[in-house]
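One structure below.
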Amino acid sequence: MKGWFLFGVGVLLLGGLGWYLLAPEVVTEEPTKTALRPVVLSQIELRDVTRGKLKLTLFAVEARLFEETEITELLDIRGIVEPETEGQTPTRFRADRGKIVGKEKLVSLIGDIQVTLPKDRTLLTQILFYDQNQDLLYNDQPVRLVGPGEAVDAVGMEYKVEQGFLTLKLPQVEVDL
């Protein structure tokens with residue numbers, strides 16, 4: 001009888017040990033942050049007024065505003081950068097999508113980007129940044145400048161909007177003669 005008792009205790013101990021080893025672990029996770037939920041708007045117009053004067057107007061088919069991070073994502077963008085000096089031509093641009101970082105006043109454009117410059121010139125690229133504080137369009141990506149009878153390819157650019165001064169990095173020029 002004592003043998004059966006020890007056998008039963010052994011089976012119970014082995015069963016308990018097996019259950020303990022094979023039981024699923026209880027994972028205590030720290031509460032995860034909830035995903036940022038944007039406010040979604042459609043057919044919007046954003047305006048930036050600096051020192052009482054309209055500086056930038058953005059039109060977008062859709063905007064997603066993330067209030068916690070002050071980031072706004074835009075789809076199908078059209079924009080106008082107004083010159084500070086009257087009589088100058090505004091700089092117009094279009095892009096597939098983009099992002100605005102509120103505090104930094106930085107607009108990032110992505111996709112098929114076209115920038116209309118003075119003297120019937122168009123700048124084409126895939127990524128472009130507009131720093132509102134410096135009034136500067138720039139990138140380090142391939143760009144193409146197309147104008148009447150000319151085309152210039154480069155590996156980056158800077159365009160000072162107020163001065164109308166364009167700098168192309170490592171340009172290669174094509175001219176129709």
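For the sequence shown, UniProt numbering begins at 1 and goes up steadily by one.
Cβ coordinates follow ideal geometry from the N, Cα and C atoms, glycine included.
Legend entry - Closest by C-alpha distance to Q134, when choosing among V81, L36 and K169: V81
Legend entry - Simplified DSSP state of D131, which is helix, strand or coil: strand
Legend entry - Three CB pairs or more closer than 8 Å across the stretch 100-107 and the stretch 129-144: yes
Inset, instruction - Spell out a yes or no on whether the stretch 145-161 and the stretch 66-77 are touching, meaning 3 or more CB-CB pairs, one atom from each, closer than 8 Å. - result: With a cut-off of 8 Å, the stretch 66-77 and the stretch 145-161 do not count as touching, because too few Cβ pairs lie within range.
Legend entry - Where D153 sits in the DSSP three-state scheme: For D153, the three-state secondary structure derived from DSSP is strand.
Legend entry - Those runs of the beta strand (DSSP E) which lie wholly inside the stretch 57-106 and span at least 3 residues: 71-81 and 91-101
Inset, instruction - Find the nearest neighbour of P38 within the set L56, E62 and T122, judged by alpha-carbon distance. - result: E62
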